[in-house]
Amino acid sequence: MRGKSADTECKLISILIPVFNEEGNIRRAYDAVLDVFEQMSDRYTFEIIFTDNHSTDNSSALVSELAARDSRVRAVRFARNFGFQRSVLTAYRLASGDAAIQIDCDLQDPPTVFPKFLELWEQGHDVVVGIRRFRQESKPLQWARQLYYRLLKKLSDDNLMLDSGDFRLIDRSVLDQLHLIDDVAPYTRGLTSLLATKQAGVPYDRQTRQAGVSKFPLGKLIALAIDGIITHSIFPLRLAAFIGLGISMLTCLASFFYIFSRLFFGINWPAGFATTTVLLLFGVSLNAIFLGIIGEYVGRIYNQVRSRPTTVIEYSVNVPSASLDRLALGAASPAETRAPAEILRRTGTGQA
């Protein structure tokens with residue numbers, strides 16, 4: 024579980040940095056990682072994998088320039104924006120290290136926490152996550168996040184860490200298992216918790232973004248929250264079934280009461296147009312909501328059975344052929360026996 028990298032006695036740590044329009048932060052992130060590992064150079068070497076989700080600014084050129092100057096930097100650009108979660112899963116599959124640490128390019132998650140991550144990893148934890156004590160955002164959004172994390176933990180069977188984000192370290196054993204995950208709509212926080220055998224959390228304070236703007240406005244945060252619940256729980260489907268059953272029982276009781284009162288007491292209930300209209304609209308709205316919930320699950324099943332690649336790489340710099348081969352083989356179905364190069368041509372994950 025704690026192997027040595029092949030070419031040195033030091034352990035290799037893969038640093039995964041997803042990028043989308045982060046030209047003001049790329050150099051800062053690179054320098055910050057170097058500063059941390061210079062203090063641990065007797066124990067660890069590192070590689071930095073920048074995965075560019077088809078940025079429209081100068082991010083791609085900056086990452087490629089760093090890769091041209093430093094062989095430890097791997098630059099990967101996707102053919103289009105495949106979304107944050109899918110780009111991160113691809114980065115995990117490309118990692119060559121004994122462990123991998125994911126960190127945002129804006130450095131709101133401080134690299135100075137790396138030594139604590141590595142300390143807990145050396146103690147035998149295969150997943151170490153950052154626990155956010157404080158983040159600079161509005162109180163309503165903080166409360167909404169806290170409520171969501173607790174709701175997701177309650178609904179999911181996975182051992183999700185409360186108040187954690189995507190700042191984490193995972194061991195090589197978990198990285199290898201991620202190659203077996205065939206999920207076109209991955210929720211990596213849940214996947215890593217699912218695959219972990221021993222987790223630990225490191226509390227830290229989130230920093231202020233120094234450049235650029237957040238890539239997660241409210242709409243994307245809501246979409247991510249829905250992904251987390253649907254990917255890791257069937258509770259919404261069960262809730263719809265239970266509510267439907269409850270309403271059916273109430274309808275039967277109301278019908279029985281109406282017939283009983285009419286037959287035995289001769290009560291003629293007045294025709295209430297407004298009441299009938301409200302009840303009908305309520306029933307239609309409820310059906311629409313439940314159909315929407317079912318549609319979310321059916322849509323994911325449809326996307327899954329199409330067996331499309333998680334991402335398509337436009338080009339890469341300094342990425343080892345072995346890493347690209349692993350990525351290609353991971354994209355193949357169990358029945359496929361194509362050579363790695365052929366699979367790369369099929370999925371578009373070739374190296375420039």
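Residue numbers (this note's numbering): 24 to 375.
Note that the Cβ used here is the ideal one computed from N, Cα and C, for glycine as well.
Residue i (DSSP reduced to helix, strand or coil)
{"i": "residue 200", "result": "helix"}
{"i": "residue 188", "result": "strand"}
{"i": "residue 280", "result": "helix"}
{"i": "residue 139", "result": "helix"}
{"i": "residue 130", "result": "coil"}
{"i": "residue 47", "result": "coil"}
{"i": "residue 42", "result": "strand"}
{"i": "residue 171", "result": "helix"}
{"i": "residue 213", "result": "helix"}
{"i": "residue 354", "result": "Since pLDDT at residue 354 reaches only 49, below the 50 mark, its modelled position is unreliable, and the value read off the structure follows with that caveat. Note: residue 354 maps to helix in three-state DSSP."}
{"i": "residue 35", "result": "strand"}
{"i": "residue 73", "result": "strand"}
{"i": "residue 348", "result": "helix"}
{"i": "residue 343", "result": "coil"}
{"i": "residue 269", "result": "helix"}
{"i": "residue 147", "result": "coil"}
{"i": "residue 155", "result": "strand"}
{"i": "residue 228", "result": "strand"}
{"i": "residue 194", "result": "strand"}
{"i": "residue 223", "result": "strand"}
{"i": "residue 123", "result": "strand"}
Assumed close pair residue i, residue j - CB separation to whole angstroms, cut-off 8 Å
{"i": "residue 41", "j": "residue 110", "result": "5 Å"}
{"i": "residue 227", "j": "residue 155", "result": "7 Å"}
{"i": "residue 120", "j": "residue 35", "result": "4 Å"}
{"i": "residue 340", "j": "residue 173", "result": "Contact flag wrong, Cβ pair sits at about 42 Å."}
{"i": "residue 73", "j": "residue 67", "result": "Rounded, the Cβ-Cβ distance is 19 Å, inconsistent with contact."}
{"i": "residue 229", "j": "residue 131", "result": "5 Å"}
{"i": "residue 323", "j": "residue 201", "result": "Actually they are not in contact, since the Cβ atoms of residue 323 and residue 201 sit about 19 Å apart, beyond 8 Å."}
{"i": "residue 45", "j": "residue 128", "result": "4 Å"}
{"i": "residue 152", "j": "residue 191", "result": "4 Å"}
{"i": "residue 77", "j": "residue 107", "result": "Actually they do not touch by this definition, with Cβ atoms about 12 Å apart."}
{"i": "residue 316", "j": "residue 99", "result": "Not really, about 36 Å apart at Cβ, beyond 8 Å."}
{"i": "residue 193", "j": "residue 122", "result": "7 Å"}
{"i": "residue 350", "j": "residue 113", "result": "7 Å"}
{"i": "residue 320", "j": "residue 260", "result": "7 Å"}
{"i": "residue 56", "j": "residue 133", "result": "Not really, about 11 Å apart at Cβ, beyond 8 Å."}
Residue i classed as buried or exposed, judged by whether at least 16 other C-beta atoms fall within 10 angstroms
{"i": "residue 37", "result": "buried"}
{"i": "residue 314", "result": "exposed"}
{"i": "residue 166", "result": "exposed"}
{"i": "residue 39", "result": "buried"}
{"i": "residue 169", "result": "exposed"}
{"i": "residue 92", "result": "exposed"}
{"i": "residue 267", "result": "exposed"}
{"i": "residue 249", "result": "exposed"}
{"i": "residue 75", "result": "buried"}
{"i": "residue 62", "result": "exposed"}
{"i": "residue 354", "result": "Low per-residue confidence applies at residue 354: pLDDT is 49, beneath 50, and the placement is therefore not dependable, though the value from the model is reported in the following sentence. The residue in question, residue 354, is buried, as its Cβ has 16 or more Cβ neighbours within 10 Å."}
{"i": "residue 231", "result": "exposed"}
{"i": "residue 32", "result": "exposed"}
{"i": "residue 344", "result": "exposed"}
{"i": "residue 264", "result": "exposed"}
{"i": "residue 367", "result": "For residue 367, the predicted model reports a pLDDT of 35, less than 50, meaning its position is unreliable; a value from the coordinates is still stated below. Result: buried."}
{"i": "residue 280", "result": "exposed"}
{"i": "residue 149", "result": "buried"}
{"i": "residue 334", "result": "buried"}
{"i": "residue 214", "result": "buried"}
{"i": "residue 103", "result": "exposed"}
{"i": "residue 187", "result": "buried"}
C-beta neighbour in chain D for residue i, strict 7 Å
{"i": "residue 198", "result": "This model lacks chain D altogether; it includes just one protein chain."}
Residue i CB to nearest heavy atom of the ligand NAD below 6 Å
{"i": "residue 312", "result": "What this structure holds is no ligand at all, so the ligand NAD is not there to describe."}
>> When you compare the stretch 135–143 with the stretch 219–226, are there three or more beta-carbon pairs, one atom per stretch, that lie closer than 8 Å?
In response: yes
> When the Cβ atoms of the stretch 68–83 are set against those of the stretch 308–318, are three or more pairs found closer than 8 Å?
Replying inline: no
>> Across the stretch 182–189 and the stretch 85–105, are there enough close Cβ pairs to call them in contact, namely three or more that are closer than 8 Å?
In response: no
> Unbroken beta strand (DSSP E) runs of length 3 or more, entirely within the stretch 90–121: which are they?
Replying inline: 96–101
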